[in-house]
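Enquirer:
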Amino acid sequence: MRVLCLFCFFISYVATSQTCLPDFDASLTIDEFVDNANGTVTDVSLGLVWMRCSLGQTWENETCTGDASELTWQQALQAAHGYKYAEQLGWRVPNMKELASLTERSCVRPAINEFFFPNTSSDDYWTSTPSVVDPKRAWVIAFFNSSNSLKDKKRFVFTRLVKTAD
977 MRVLCLFCFF ISYVATSQTC LPDFDASLTI DEFVDNANGT VTDVSLGLVW MRCSLGQTWE
1037 NETCTGDASE LTWQQALQAA HGYKYAEQLG WRVPNMKELA SLTERSCVRP AINEFFFPNT
1097 SSDDYWTSTP SVVDPKRAWV IAFFNSSNSL KDKKRFVFTR LVKTAD
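Residues in the sequence shown are numbered from 977 upward in steps of one, following the working numbering.
Structural data, given as structure tokens:
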């Protein structure tokens, strides 16, 4: 029984480890981001400041600790309103184009640069982009494989905040 439990733990650990294709160039380069040394990074090409951690996590000892919060779309928008992080205001839920810019298409589980965004869930993340055909749905980016899809706004999904650089 003890061996079975250890085997199951090992398999679950392996199944959650990021996998990157060695023969493909990274979608994002280190030159595109500046570490602000306060739990945020600046995307210099887009002029955006990103929280390195998902909402609910804490930036501590150069990594994101704790469990990310899963929120409905409305809760995510409300959480961003007036949110203060790294002594800054102006945080918001990113639109689909902004959040998609973080995807690392040469990697899966998660499909994001783990150096800049450690401990990112491989699941869906909200965007602020609503569906144009169904008012009950909004777009998400899945960091499992860089895909996007529409989800019901009442579904509980992870969130990462962004702000325009000053």
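For every residue, glycine included, the Cβ atom is placed at its ideal position computed from N, Cα and C.
What you are looking at is a predicted structure, and each value in this text was computed from that prediction instead of being measured.
CB-CB under 7 Å to Val1017, same chain, minus the five flanking residues each way: which ones, in chain order?
Expert: Correct list, in chain order: Phe1009, Val1010, Asp1011, Trp1026, Arg1028, Phe1092.
Enquirer: Along the alpha helix (DSSP H) that carries Trp1049, what are the first and last residues, could you check?
Expert: Counting along the chain, the alpha helix (DSSP H) containing Trp1049 begins and ends at 1049-1056.
Enquirer: Which residue spans inside the stretch 1047-1134 form an unbroken beta strand (DSSP E) run of at least 3?
Expert: You should have 1100-1106, 1113-1118, 1123-1128.
Enquirer: DSSP three-state call for Asp1019: helix, strand or coil?
Expert: Three-state DSSP puts Asp1019 in a strand.
Enquirer: Between which two residues does the beta strand (DSSP E) carrying Asp1007 extend?
Expert: Where Asp1007 is concerned, there is no enclosing beta strand (DSSP E), given that its DSSP letter is neither H nor E.
Enquirer: Based on the DSSP output, what are the partners of Cys1040 in its beta bridges?
Expert: Trp1035, per the DSSP bridge assignment.
Enquirer: Using the Cβ count rule (16 or more neighbours within 10 Å means buried), how would you classify Lys1130?
Expert: Classification of Lys1130: exposed, given that the 10 Å Cβ count is below 16.
Enquirer: Going along the chain, which residues of its own chain have a beta-carbon closer than 6 Å to the beta-carbon of Thr1140, five neighbours each way excluded?
Expert: So the list is empty, once near-sequence residues are dropped.
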